[in-house]
Amino acid sequence: MSNQLPVINLMGPTASGKTALACELYEQGHFELISVDSALVYQDMDIGTAKPTKEEQARYPHHLIDIITPLEVYSAAQFVEDACRLIDDIHARGKTPILVGGTMLYFKALLEGLSSNLPSADYAVRAEIEAKAEREGWESVYQELCKVDALAGQKFKVSDKQRIIRALEVFRLTGQPITKLQAEQPKNIPYRYTFHNHALLPDRVELHKRIEQRLKTMWDIGFLHEVEGLIEKYDLNDNLPSMRSVGYRQALEFIQKSDLSVEKRREMEDKSLFATRQLAKRQYTWLRSLQESHNFKTYLTVQQAQEDLRKCYG
Numbered sequence: 006m007s008n009q010l011p012v013i014n015l016m017g018p019t020a021s022g023k024t025a026l027a028c029e030l031y032e033q034g035h036f037e038l039i040s041v042d043s044a045l046v047y048q049d050m051d052i053g054t055a056k057p058t059k060e061e062q063a064r065y066p067h068h069l070i071d072i073i074t075p076l077e078v079y080s081a082a083q084f085v086e087d088a089c090r091l092i093d094d095i096h097a098r099g100k101t102p103i104l105v106g107g108t109m110l111y112f113k114a115l116l117e118g119l120s121s122n123l124p125s126a127d128y129a130v131r132a133e134i135e136a137k138a139e140r141e142g143w144e145s146v147y148q149e150l151c152k153v154d155a156l157a158g159q160k161f162k163v164s165d166k167q168r169i170i171r172a173l174e175v176f177r178l179t180g181q182p183i184t185k186l187q188a189e190q191p192k193n194i195p196y197r198y199t200f201h202n203h204a205l206l207p208d209r210v211e212l213h214k215r216i217e218q219r220l221k222t223m224w225d226i227g228f229l230h231e232v233e234g235l236i237e238k239y240d241l242n243d244n245l246p247s248m249r250s251v252g253y254r255q256a257l258e259f260i261q262k263s264d265l266s267v268e269k270r271r272e273m274e275d276k277s278l279f280a281t282r283q284l285a286k287r288q289y290t291w292l293r294s295l296q297e298s299h300n301f302k303t304y305l306t307v308q309q310a311q312e313d314l315r316k317c318y319g
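With the working numbering applied, the sequence shown has no gaps in its numbers, which climb one by one up to 319 at the end.
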């Protein structure tokens, strides 16, 4: 194991305080930060993603922030490729990488590898599946999945919308169940790393308060103006992965499809809050799932994490 490279993974749901914790570790001088966030990769999407400010990024540089436009697609496979390259580069500079973020699919892909040769996302196919869900309901889409991939049907619930979409997308593109393809195909696991996994898992009530306060701050400092600027600069639509980010989807719909009244704005803000809470719930679920297969240290508060991480890496 001595020749394996250490990698610190710092995970947690949105608004849990993980970024501030990573920045504190960065100040010790022997770390570099890699963002593990599917929204922070997009340029010009700053307020709604809670992206570190330009000043914060200058003080605490993060790799994999602002690397593509909102019109482009960034996959988990691309993340693993970029992250492995950066991890090697950071170690070559004599430092240790801290991977910090809340996109659990990216962490899972790095920890466990990805099935190779699965088809890339096809947004026309995804749009067809979502259109069916709008017409007939998600139960109907879920039943379609159960017919073509019974194992996936057992694994997923009707509420697992993104996973259902991906499974049906793969079946429509290949004619094969995604569970069959995943079982048959080799994993590309980066064995040369030793992962040290840490997770902030705050009390849900406290986290919901933080989420609500963060969203209020976002509206106050001009999140809607940011989305209006994005619409002017880019040819956006709600099928783009960038516009599926919580907050952006609701703001885009509000600007493009509503009468912009105070009532509609309040409704949009409530939808954004609900969507962000649902995101946090999914992040908790992902983390619990990852804990079943990997060693983790978990913390209820940022203070607990600070004390332990100082001991481990101070």
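Even for Gly, the Cβ is constructed at its ideal location relative to N, Cα and C. No experiment lies behind these values; they were computed from the predicted model shown.
If I follow the unbroken alpha helix (DSSP H) through S145, where does it start and stop?
Annotation for S145: the continuous alpha helix (DSSP H) segment containing it runs W143 to V153.
As assigned by DSSP and simplified to three states, the class of V232
helix
May I ask which residues mark the beginning and end of the beta strand (DSSP E) holding M223?
Taken as a continuous stretch (DSSP letters only), M223 belongs to no beta strand (DSSP E), being part of the alpha helix (DSSP H) at R209 to D225.
Three or more C-beta pairs below 8 Å linking the stretch 22–35 and the stretch 46–54
no
Report buried or exposed for T58, applying the criterion of at least 16 other Cβ atoms within 10 angstroms of its Cβ.
The residue is exposed, with fewer than 16 neighbouring Cβ atoms inside 10 Å.
In the DSSP assignment, find the beta strand (DSSP E) that holds H203 and state where it starts and stops.
Y198 to L205
Check whether the Cβ atoms of I92 and Y198 lie closer than 8 Å to each other.
yes
Go ahead and pull the three-state DSSP assignment for Y65.
coil
Using the Cβ count rule (16 or more neighbours within 10 Å means buried), how would you classify S43?
Taking all protein chains in view, the Cβ of S43 is crowded by 16 or more other Cβ atoms within 10 Å, so the residue is classified as buried.
So S263 is in the beta strand (DSSP E); what residue range does that whole segment cover?
Note, S263: premise wrong, no beta strand (DSSP E); not H, not E.
DSSP has E37 in a bridge; who is on the other side?
P102
I need the straight-line Cα distance from D264 to A256, nearest angstrom please.
13 Å
Looking at C-beta atoms only, is the number of pairs between the stretch 143–160 and the stretch 108–126 that lie closer than 8 Å three or more?
In this structure the stretch 143–160 does not lie against the stretch 108–126, because fewer than three pairs of beta carbons, one per stretch, are closer than 8 Å.
Coil, strand or helix - K56 by DSSP
Coil.
Look at the Cβ atom of L314, then the Cβ atom of L206, and state whether they are nearer than 8 Å.
no
Can you look up F279 in the DSSP assignment and give me helix, strand or coil?
helix
Give every residue of the same chain whose Cβ lies closer than 6 Å to the Cβ of G106, excluding the five residues on either side of it in the sequence, and list them in chain order.
S40, V41 and D42
Taking Cβ to Cβ, would you say A310 is nearer than 8 Å to H203?
yes
At the level of alpha carbons, what is the spacing between T306 and E312?
Going from the Cα of T306 to the Cα of E312 covers about 10 Å.
Determine the contact status of N244 and Y128, defining contact as a CB-CB distance below 8 Å.
yes
S80 to P246, Cα distance in whole Å?
One C-alpha to the other measures close to 10 Å.
For N14, count neighbouring Cβ atoms within 10 angstroms of its own Cβ and tell me buried if that reaches 16, exposed if not.
In the assembly as shown, N14 is a buried residue. Its beta-carbon has 16 or more other beta-carbons within 10 Å.
Leaving out five residues before and five after R219 in sequence, what residues of the same chain have Cβ atoms less than 6 Å from its Cβ?
A20
Note down, in chain order, each residue of its chain lying with its Cβ closer than 6 Å to the Cβ of C28, except the 5 sequence neighbours on either side.
Y65
Tell me whether L295 sits in a helix, a strand or coil according to DSSP, three-state version.
helix
Using the Cβ count rule (16 or more neighbours within 10 Å means buried), how would you classify H35?
That one is exposed.
Straight-line CA distance for V12 to L212?
27 Å
Mind checking S7: buried by the 16 CB within 10 Å criterion, or exposed?
Unreliable placement is indicated for S7, whose pLDDT of 49 sits below 50; the coordinate value is still reported in the next sentence. So S7 ends up on the exposed side.
Sort M248, S164 and I226 by Cα distance to E77 and report the nearest one.
M248
For I216, collect the residues of the same chain with a Cβ closer than 8 Å to its Cβ; drop the 5 residues on either side in sequence, then sort them by chain order.
T19, A20, L278, T281, R282 and A285
If you measure between the beta carbons of L119 and A82, is that distance less than 8 Å?
yes
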